[in-house]
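**Student:** Got a structure here, written out as structure tokens. Questions coming.
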Amino acid sequence: MPENDDQAPISPSSNWEQEFLEQSDDAHIRSAKVRYRCPKCESLLTLKEGANGLFWGCESYPACNYTANNENGKPVRAKRYLCPACDSPLRRKTFKDNAFWGCSSYPECKVTVEDDNGVPSSTKKYPCRACGHYLVRKKSKNGYFWGCITYPICTHTLNDDKGLPVLKRKR
Ligand SMILES: [Zn+2]
Ligand SMILES: [Zn+2]
Ligand SMILES: [Zn+2]
Numbered sequence: 001m002p003e004n005d006d007q008a009p010i011s012p013s014s015n016w017e018q019e020f021l022e023q024s025d026d027a028h029i030r031s032a033k034v035r036y037r038c039p040k041c042e043s044l045l046t047l048k049e050g051a052n053g054l055f056w057g058c059e060s061y062p063a064c065n066y067t068a069n070n071e072n073g074k075p076v077r078a079k080r081y082l083c084p085a086c087d088s089p090l091r092r093k094t095f096k097d098n099a100f101w102g103c104s105s106y107p108e109c110k111v112t113v114e115d116d117n118g119v120p121s122s123t124k125k126y127p128c129r130a131c132g133h134y135l136v137r138k139k140s141k142n143g144y145f146w147g148c149i150t151y152p153i154c155t156h157t158l159n160d161d162k163g164l165p166v167l168k169r170k171r
């Protein structure tokens, strides 16, 4: 029995490497993409496109409704800000160039809060004197003001002074 019958051995590893390099352009790279897991149920998060742009949603939706903001292709857990009216989480939305925060219980709750550098400008509650609901800070062409969350049912408004509602005094 000859011991070494291969005179010109072709290294199998170089073939393998070549094949690997050739196909790595393809599905391999995509499937090797970093995966993110849902902190709520451990399913995978998938990048989805919504009305307000890309976001991360749980694979188990609708069983799990976890979502995260998309920042440079990574899910970023949104800080939780609660609706001043019903304590549901507020969600940041963008409309054209404007960002604002809307209640996640929409359309049952129509609260929106101005965006102030990525955080809701105010989530404080101020009672509406007219109807007993709450006032939220809103923005109009003429600047900020406080309006009742039940608008248009209640049209009570107050002026805004540096983020606080100013009581109107009738004399
Ligand atoms: Zn989940
Ligand atoms: Zn709400
Ligand atoms: Zn009111």
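Sequential numbering from 1 applies to the sequence shown in the UniProt record's numbering.
Don't be surprised by glycine CBs; every beta carbon is placed ideally from N, CA and C.
Going straight from the alpha carbon of Ala63 to that of Trp56, what length do you get?
**Tutor:** 15 Å
**Student:** What is the DSSP secondary structure of Ser140, counted as helix, strand or coil?
**Tutor:** strand
**Student:** Mapping the DSSP letters down to three states, classify Ala99 as helix, strand or coil.
**Tutor:** strand
**Student:** Between Asn72, Gly73, Gly53 and Thr46, which has its C-alpha nearest Ser60's C-alpha?
**Tutor:** Thr46
**Student:** Taking 7 Å as the cut-off, is the beta-carbon of Ala130 closer than that to any non-hydrogen atom of ligand 3?
**Tutor:** yes
**Student:** Is Tyr36 near ligand 1, judged by its Cβ being under 7 Å from some heavy atom?
**Tutor:** no
**Student:** Distance check for Cys41 and Gly163, CA to CA, integer angstroms please.
**Tutor:** 38 Å
**Student:** Ends of the beta strand (DSSP E) at Lys74?
**Tutor:** Lys74 to Val76
**Student:** For Leu82, which of Lys125, Val76, Thr67 and Thr94 has the nearest alpha-carbon?
**Tutor:** Lys125
**Student:** Enumerate in chain order the residues of its own chain whose CB-to-CB distance from Asn159 is below 8 Å, with the five nearest sequence positions on each side excluded.
**Tutor:** Once the five neighbours on either side are set aside, the close Cβ partners of Asn159 are Phe145, Trp146, Pro165, Val166 and Lys168.
**Student:** Quick check on Ser122: buried or exposed, where buried means 16 or more other Cβ atoms within 10 Å of its Cβ?
**Tutor:** buried
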